[in-house]
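A.B. asks: Numbering (our numbering), first residue to last: 95 to 397. Below you'll find the structure I mean.
Structure below.
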C-alpha cells in the first residue's frame, strides 16, 4: 500500500533523486553507457536485446531519427562483437503518423540488421495495435529470417495467436504484458495470466521450427517452464529465457546459465527513461517503497 502511495507521489519528487534509483531499470542515456552494461553481461555468458526508449513520435523527422539511432546501435553491435540484438516499437517508427511510411522504416531497418547478421524483434504495444503489429511482422518477416514479434499472455486472444504462429517458424517473445487493458479482452488475476502464459508456451513448443523467448521474472513461471522443456526434451537451441534489466532475478538467471540455458536481458537505454522506469516501479511497488526510504534516509539527506 505504501509503495502505491509513493508511485502516486512520484510526479512531485525531483527527477534527479528518482533517477538515482530508477536507473536500475535503464542502461544509461546513451549507447556508450549501454555498451558497458552489455559487455559486462556478455562476460558472464548473458545475451542482450537493446531497446531505444520511446514510443509515439510527433513527426516523420523524429521517426527517421529513431531509425538512424537503431542503425548506429546495429553498427556498434557488429563492430564490437556484442552478443546482442534489437527490439523496436512500431509507434516509435511513426505508425500512428503514417502507417505506410512506418512500415517502410521497418523494412529498411530489418534489411540493415540482416546485412549485419543481427536479429530484430518488433515489440508489442497496447491492444489497439495487436493485430496491426502481427500483420506487419508477418509482412516484414517474409523472405527474412531475422525478424520476430511479441505475444502478451494477459490478452485473451493470445492463445489463438500462438496457435496460428506455432507452425510458421516464427521467433516469438512470450511475456505477460504491461499495458492497462479492459477486463473483456484481458485477464486480470495473476493466476489467470500465468495459466494463459503456460498454455501459450505449450502451443509454441509443440510447433515446428519456432524459436521461443520466455520473457518473465515470475519465479513460479520460470520453474514451470524449465520443467516443461526438460520433460518434453526440447532442444536448448530452440528457446531462451529473458528478463528485464533491473528486475531482481539475477541469481535465478545465473543458475539457468550454469545449467546450459540461453538467457537474455532486455536492456533499454535513452533519454526517455522516466516514463519507462515509472512503469517498472508500478509493476513492483516494493521497489518504490525502498526508493522512498533511501531518498529520505538521514544519510542521503545530508549529501
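Backbone N, C-alpha and C fix where the C-beta goes; we use that ideal spot for every residue, glycine too.
Where does residue 311 sit, in a helix, a strand or coil, going by DSSP?
C.D. replies: Numbered from its first residue, the chain shown carries residue 311 at position 217. In this structure, residue 311 counts as coil in the three-state DSSP scheme.
A.B. asks: Distance check for residue 211 and residue 272, CA to CA, integer angstroms please.
C.D. replies: Along the chain shown, read from residue 1 onward, the residue named residue 272 stands at position 178. Along the chain shown, read from residue 1 onward, the residue named residue 211 stands at position 117. Using only the alpha carbons, I get a separation of about 30 angstroms.
A.B. asks: Counting only the same chain and skipping the five closest in sequence on each side, list residues whose C-beta sits under 7 angstroms from that of residue 190.
C.D. replies: To locate residue 190, count along the chain shown from 1; it is residue 96. Correct list, in chain order: 150.
A.B. asks: Considering only the alpha carbon of each residue, which of 362, 361, 320 lies closest to residue 350?
C.D. replies: Numbered from its first residue, the chain shown carries residue 350 at position 256. Selected option, being the one with the closest Cα: 320.
A.B. asks: With a threshold of 16 other CB atoms inside 10 Å of the CB of residue 336, please say whether the residue is buried or exposed.
C.D. replies: As a position in the chain shown, residue 336 is number 242, starting the count at 1. The residue in question, residue 336, is buried, as its Cβ has 16 or more Cβ neighbours within 10 Å.
A.B. asks: Using a threshold of 7 angstroms, state whether the C-beta atoms of residue 178 and residue 144 are closer than that.
C.D. replies: The count along the chain shown starts at 1 and reaches residue 178 at position 84. The count along the chain shown starts at 1 and reaches residue 144 at position 50. Taking 7 angstroms as the Cβ cut-off, residue 178 and residue 144 qualify as a contacting pair.
A.B. asks: Would residue 180 and residue 364 qualify as a contact pair, given that the criterion is a beta-carbon distance under 7 angstroms?
C.D. replies: Indexing the chain shown from 1 puts residue 180 at position 86. Indexing the chain shown from 1 puts residue 364 at position 270. It is not a contact, given that the beta carbons lie outside the stated cut-off.
A.B. asks: Determine which residues share a DSSP beta bridge with residue 181 and list them.
C.D. replies: Indexing the chain shown from 1 puts residue 181 at position 87. Answer by DSSP bridge pairing, in chain order: 215.
A.B. asks: Less than 8 angstroms between the CB atoms is what I'm expecting for residue 359 and residue 142, so what's the real figure, rounded?
C.D. replies: Here the question's residue 359 lines up with position 265 in the chain shown. Here the question's residue 142 lines up with position 48 in the chain shown. Yes, they are in contact, since the Cβ atoms of residue 359 and residue 142 sit about 5 angstroms apart, within 8 angstroms.
A.B. asks: With residue 123 as the anchor, note down where its beta strand (DSSP E) starts and where it stops.
C.D. replies: Working through the chain shown from its first residue, we reach residue 123 at position 29. It is not in any beta strand (DSSP E) - residue 123 carries neither H nor E in the DSSP assignment.
A.B. asks: Going along the chain, which residues of its own chain have a beta-carbon closer than 6 angstroms to the beta-carbon of residue 218, five neighbours each way excluded?
C.D. replies: In the chain shown, residue 218 corresponds to position 124, counting from 1. Cβ within range, chain order: 227, 244, 246.
A.B. asks: The beta strand (DSSP E) that contains residue 360, what's its start and end?
C.D. replies: Translated into positions along the chain shown, residue 360 becomes position 266. Its beta strand (DSSP E) spans residues 357-363.
A.B. asks: Smallest Cα separation from residue 159: which of 232, 317, 187?
C.D. replies: Locating residue 159 in the chain shown gives position 65, where the first residue counts as 1. Nearest C-alpha to residue 159: 187.
A.B. asks: Three-state secondary structure (DSSP) at residue 376?
C.D. replies: Along the chain shown, one-based indexing puts residue 376 at 282. Correct three-state label for residue 376: helix.
A.B. asks: From 352, 371, 132, 116, pick the residue whose C-alpha is nearest to that of residue 176; which is it?
C.D. replies: For this step, residue 176 is matched to residue 82 along the chain shown. The residue with the shortest Cα to Cα distance from residue 176 is 132.
A.B. asks: When the distance is taken between beta carbons, is residue 265 closer than 7 angstroms to residue 242?
C.D. replies: By one-based count along the chain shown, residue 242 stands at place 148. By one-based count along the chain shown, residue 265 stands at place 171. Yes, Cβ-Cβ distance for residue 242 and residue 265 is below 7 angstroms.
A.B. asks: Looking only at DSSP bridge pairs, what is residue 145 linked to?
C.D. replies: Stepping through the chain shown from its first residue, residue 145 is reached at position 51. Paired residue(s): 362.
A.B. asks: Considering only their Cβ atoms, is the gap separating residue 315 from residue 256 smaller than 7 angstroms?
C.D. replies: Within the chain shown, numbered from 1, the residue matching residue 256 stands at position 162. Within the chain shown, numbered from 1, the residue matching residue 315 stands at position 221. Not closer than 7 angstroms, so no.
A.B. asks: Select from 139, 165, 183, 253 the residue whose C-alpha is nearest the C-alpha of residue 352.
C.D. replies: As a first step, residue 352 must be located in the chain shown, where it is residue number 258. Among 139, 165, 183, 253, the Cα nearest to that of residue 352 is on 139.
A.B. asks: Let me make sure I understand the geometry here. Which of 148, 327, 311 has the alpha-carbon closest to that of residue 339?
C.D. replies: Here residue 339 is taken as the residue at index 245 of the chain shown, counted from 1. That would be 311, whose Cα lies nearest to the Cα of residue 339.
A.B. asks: Where residue 253 and residue 289 are concerned, what is the direct C-alpha to C-alpha distance, given to the nearest angstrom?
C.D. replies: For this step, residue 253 is matched to residue 159 along the chain shown. For this step, residue 289 is matched to residue 195 along the chain shown. One C-alpha to the other measures close to 11 angstroms.
A.B. asks: Measuring alpha carbon to alpha carbon, tell me which residue in 303, 214, 174 is nearest residue 183.
C.D. replies: Counting from one through the chain shown, the residue named residue 183 turns up at place 89. Looking at the Cα atoms, 214 is the closest of the given residues.
A.B. asks: By how many angstroms is the C-alpha of residue 231 removed from the C-alpha of residue 223?
C.D. replies: Translated into the one-based positions of the chain shown, residue 223 becomes position 129. Translated into the one-based positions of the chain shown, residue 231 becomes position 137. Computed Cα separation, rounded: 12 angstroms.
A.B. asks: Per DSSP, what kind of secondary structure is residue 267 in: helix, strand or coil?
C.D. replies: What you label residue 267 is simply residue 173 of the chain shown in a count that begins at 1. Residue state, collapsed to three classes: strand.
A.B. asks: Helix, strand or coil: how does DSSP classify residue 306 here?
C.D. replies: Reading the chain shown from its first residue, position 212 is the one you call residue 306. In the structure shown, residue 306 sits in a strand (DSSP, three-state: E or B).
A.B. asks: For residue 200 and residue 167, what's the separation of their Cα atoms in angstroms?
C.D. replies: On the chain shown, residue 200 is found 106 positions in, with the first residue counted as 1. On the chain shown, residue 167 is found 73 positions in, with the first residue counted as 1. Each residue's alpha carbon lies about 15 angstroms from the other.
A.B. asks: Three-state secondary structure (DSSP) at residue 236?
C.D. replies: Numbered from 1 along the chain shown, position 142 holds the residue referred to as residue 236. Residue state, collapsed to three classes: coil.
A.B. asks: Using the three-state DSSP reduction, which class does residue 343 fall into: helix, strand or coil?
C.D. replies: Walking along the chain shown from the start, residue 343 turns up at place 249. Note: residue 343 maps to coil in three-state DSSP.
A.B. asks: Check whether the Cβ atoms of residue 221 and residue 287 lie closer than 7 angstroms to each other.
C.D. replies: Translated into the one-based positions of the chain shown, residue 221 becomes position 127. Translated into the one-based positions of the chain shown, residue 287 becomes position 193. No, the Cβ-Cβ distance between residue 221 and residue 287 is not below 7 angstroms.
A.B. asks: Using a Cβ cut-off of 7 angstroms (strictly closer), state whether residue 341 contacts chain B.
C.D. replies: Reference to chain B is not applicable here, since this structure consists of a single protein chain.
A.B. asks: Quick check on residue 280: does DSSP put it in helix, strand or coil?
C.D. replies: Position 186 of the chain shown, counted from the start, is the residue given in the question as residue 280. Three-state result, residue 280: strand.
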